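Peer 1: All residue numbers for the sequence shown refer to the numbering used here, where the first residue is 4 and numbers rise by one.
Here a beta-carbon is modelled for each residue, glycine too, at the ideal position from N, C-alpha and C.
As the structure is a computational prediction, the values presented were derived from the model and not from experiment.
I am attaching a structure below and will ask some questions about it afterwards.
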Amino acid sequence: MNDRKRQVLLTAQRLFIDKGFSTTSVQDILDESCISKGTFYNYFSSKNECLKAILEQAHDEANVRRRELLIGQDLSDKQILVDQILVRMHVNREQNLLPLFEAVFHSGDSDLRAFIKNMLIAEFSWLTRRLVDVYGKAAEPYAADCAVMLLGMMQQILHVWSAFSKEEMDSLKLVTFLIRRIDSIILGMISTKDAFFTEDVFFKLNSEFGEQTETKEQLFKQLTGFSELLEDDTFRAAKQYVQFLLEELRSECPRVFVLESIVRSFREAFKGLPHETEAHELAYKVWRFVDTLE
């Protein structure tokens, strides 16, 4: 995503939040962004697609942060899981996404509602897998149930809190409390062999709407093109990480631990620089490629 398109997204996001999604027109976005209708439709096929791009970008950002938290860590570490759950909450808060989700829920737009549904299924699928990582193979038949209960309890507690308190919820305290509840629930379910959902329900659903994987050739081509943009001396240090990634991708069998160790530094090296957004997108694609190696 180039800087111009990124600015259009930021402008659209601000308008969607300030004016409401349904009452913001494409013309409003054109006027605020100072772009032509042709430029807008070159980026997005519709206002809906523009909103999807905003939410997808936040989704990708959260996924990258979650993956980075696991680098060199024990998959069964509960505190890492707590931190990963908090990432989604932090990204939603940082980018003020809750009004956008609420707008979709109240819009009645079947296309947007299906899009949000798919994002929710992906979240359930991720949490189901992570609960198995934390609680072990014995928890696998019950992990889907616990993922639903954990996210459901979180949502209802947040609703009640916002209705009765003007103070901001302590997210860490909430998620830690919920994990303690899951500690008890999952042990009880294992003991009684009592499950509602089948263990693979979200894996099956997520496979229908799964994210596209990256091939080594695709990733190499995109990183090469990105590297060619970095001719200015400003990018000298950051460009080294692009070269490190390309060097590893040239090998017949790229090593997961090497890619993991480079990708976080690569992303951080572009913080505050031009092309920061493109670096974030490429970092996410590197992680998707890593998933094909594991």
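I need the straight-line Cα distance from residue 11 to residue 251, nearest angstrom please.
Peer 2: Distance between the alpha carbons of residue 11 and residue 251 is about 35 Å.
Peer 1: Answer with buried or exposed for residue 32, where buried requires no fewer than 16 other C-beta atoms within 10 angstroms of its C-beta.
Peer 2: Answer is buried; the Cβ neighbour count reaches 16.
Peer 1: Between residue 141 and residue 193, is the Cβ-Cβ spacing less than 7 Å?
Peer 2: A contact, by the Cβ cut-off of 7 Å.
Peer 1: Just the Cα atoms here: how many angstroms apart are residue 103 and residue 255?
Peer 2: For residue 103 and residue 255, the distance between alpha carbons rounds to 44 Å.
Peer 1: Taking only three categories from DSSP, how would you classify residue 198?
Peer 2: Correct three-state label for residue 198: coil.
Peer 1: Would you call residue 87 buried or exposed, if buried means 16 or more other Cβ atoms sit within 10 Å of its Cβ?
Peer 2: Label assigned to residue 87: buried.
Peer 1: Which whole runs of the alpha helix (DSSP H) in the stretch 9-95 are 4 residues long or more, in chain order?
Peer 2: 29-36, 40-46, 50-72, all fully within the stretch 9-95.
Peer 1: Let me know the secondary structure DSSP gives residue 258 once reduced to three states.
Peer 2: Correct three-state label for residue 258: coil.
Peer 1: By how many angstroms is the C-alpha of residue 223 removed from the C-alpha of residue 260?
Peer 2: In a straight line, the C-alpha of residue 260 is about 18 Å away from that of residue 223.
Peer 1: In whole angstroms, give me the CA-to-CA distance for residue 49 and residue 116.
Peer 2: If you take the alpha carbons of residue 49 and residue 116, they lie about 16 Å apart.
Peer 1: Residue 5: which of 77, 277, 288, 162 sits nearest, CA to CA?
Peer 2: Nearest C-alpha to residue 5: 277.
Peer 1: How close, in whole Å, do the beta carbons of residue 298 and residue 148 come, if the pair is a contact with beta carbons under 8 Å?
Peer 2: The structure shown does not extend to residue 298, since the chain is modelled only from 4 through 297, so no value can be given for it.
Peer 1: Please report the straight-line C-alpha distance between residue 283 and residue 270, rounded to a whole angstrom.
Peer 2: Approximately 6 Å between the Cα atoms of the pair.
Peer 1: Helix, strand or coil for residue 295? Go by DSSP, reduced to three states.
Peer 2: Three-state result, residue 295: helix.
Peer 1: Can you tell me whether DSSP reads residue 229 as helix, strand or coil?
Peer 2: Looking at residue 229 - three-state DSSP - the assignment turns out to be helix.
Peer 1: Measuring alpha carbon to alpha carbon, tell me which residue in 286, 126, 258, 159 is nearest residue 268.
Peer 2: Cα-wise, what sits closest to residue 268 is 286.
Peer 1: Does the beta-carbon distance from residue 85 to residue 188 come in below 7 Å?
Peer 2: For residue 85 and residue 188, no; Cβs fall outside 7 Å.
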